[in-house]
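Chemist:
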Amino acid sequence: MSIEVPTTLCATVTGEAVAKPFRAAIIATTSTSSPRPKLVGLLANSNAPSRAYAEWTAKACQAVGINYELREVGAIKKGQDHAVAEQGEVEEAILEANADDEVHGIMVYYPIFGPRQDGYLQQAVSPLKDVEGLNFTWLFSLYHNTRFIDPRKIALAAQVVSPPAASTSGSGPAEPELVKAILPCTPLAIVKTLEHCQVYNPVLPYGSRAFGKTITVINRSEVVGRPLAALLANDGARVFSVDLDGIQEFTRRRTSAPAAEGEKPRPSFQPRHFVQSTPLKLEDCLAISDVVVSGVPSAAYKISTDALKEGVIAVNFSESKNFETNIKEKASIYCPGIGKATIVLLQRNLLRLREYQDILKGIASSSE
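Sequence positions in the sequence shown follow this note's numbering and run 196 to 563.
(1) Give the straight-line distance between the Cα atoms of GLY402 and TYR305, rounded to the nearest whole angstrom.
(2) Taking the beta carbon of SER364 as the centre, do at least 16 other beta carbons fall within 10 Å, making it buried, or is it exposed?
(3) Does the distance from the CB of ILE483 to the CB of ILE508 come in under 7 angstroms?
(4) Is there contact here, the stretch 409-428 with the stretch 376-387, by at least three beta-carbon pairs under 8 angstroms?
(5) Between the Cα of GLU286 and those of HIS468, LEU265, LEU237 and ALA247, spot the shortest distance and give me the residue it belongs to.
(6) State the DSSP-derived secondary structure class of VAL565, mapped to helix, strand or coil.
(7) Within 10 angstroms of its Cβ, does GLN393 collect 16 or more other Cβ (buried), or is it exposed?
(8) To the nearest angstrom, how far is the alpha carbon of TYR551 from that of PRO346?
(9) Which runs of the beta strand (DSSP E) spanning at least 3 residues fall entirely within the stretch 509-557, listed in chain order?
(10) Just how far apart, CA to CA, sit LYS497 and LYS476?
(11) Helix, strand or coil: how does DSSP classify ILE289 here?
(12) Throw me the rounded Cβ distance for the ALA214 and VAL419 pair, which I believe falls under 8 angstroms.
(13) Spell out a yes or no on whether the stretch 206-221 and the stretch 529-538 are touching, meaning 3 or more CB-CB pairs, one atom from each, closer than 8 angstroms.
(14) If we ignore side chains and look at the alpha-carbon of each, how far apart do ALA559 and GLY532 end up?
(15) Does the separation of the CB atoms of LYS324 and ILE301 fall below 7 angstroms?
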């Protein structure tokens, strides 16, 4: 009797598999919320992918008990083909949503104008309502490895309230507990995908669970690739960040700089990742990487399966498939997309931001 041996041992992990436990937790929260959390999406161009993403967001929010409102901006309201709102109109819509107490979160469907103008609009979204985690307040926390933040600092950054003065008598309001920093939803979805794939070692201390792993990230955009490389390096991984302008290596910074004999160690004021150039070529990085994450927005771009390490974990987050069709012959785990994980973590960011808004309301009322 002949025994059939499987030609591949590769497992496929979908965004849905990663999203499922987070979605259940969100439903458990929204089912007891009154009023339900509200997310506003701002659509400022007639780009078909943006429209499709907005429609998908609406369905995903309805499925978990989140109120979603799509606000079309400028010429988009009139249904004009190839329409794009004016920058002033988009900024006005953002500021209006910032000031609306019934709105708990805001997302803007980029791209609209280009990197410079879109970057400005990202900073116009209040950090208290920024479900995408792109405001400078959240990016600064990410790049400086600040995982918890005083909610009053968020309020100051949002320019919505003045925090009460610290009590000197001991009878004033108690200091609020620190809250978790909001992380950009797509890089976070990739991290959670790697946790699901057991790349992160739960035996190691929190903040070091990617120690010993070498990861290549092919994409260094300011929205996904660069923050992802920083997150992974801050968790202990050695990360090769690949883009058109070359390859950079992200590693964890020492807690203190080495000192000469007889001198005290000099403390580091940036307890975060360290970035440096590397002489390695892409094929060198791929050959030693335990994980390869790719997000190149081109159907023509393909990563050679032959260049990959045996048993690699391959994660694709581009709409195009960046890995060759035979990827499962080399990979131990293949993740073809993370879209559903991204949207559910955006929703989790929304619930956290609503909680932070409630905390700040409590601080304001206790100081009156």
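No residue lacks a Cβ here, since even glycine has one placed at the ideal position from N, Cα and C.
Modeler: Considering the structure as presented:
(1) 31 angstroms
(2) Residue placement at SER364 is flagged as unreliable, the pLDDT there being 48, under the threshold of 50; the coordinate-derived value follows with that caveat. Exposed, by the Cβ-count rule.
(3) no
(4) Touching, per the Cβ criterion.
(5) Nearest C-alpha to GLU286: LEU237.
(6) Lying before the first or after the last residue shown, residue 565 is absent from the chain, which here runs from 196 to 563.
(7) exposed
(8) 7 angstroms
(9) 526-530
(10) 16 angstroms
(11) helix
(12) The pair is not a contact, with the Cβ atoms about 17 angstroms apart (cut-off 8 angstroms).
(13) With three or more CB-CB distances shorter than 8 angstroms, the stretch 206-221 counts as touching the stretch 529-538.
(14) Roughly 43 angstroms between the two C-alpha positions.
(15) yes
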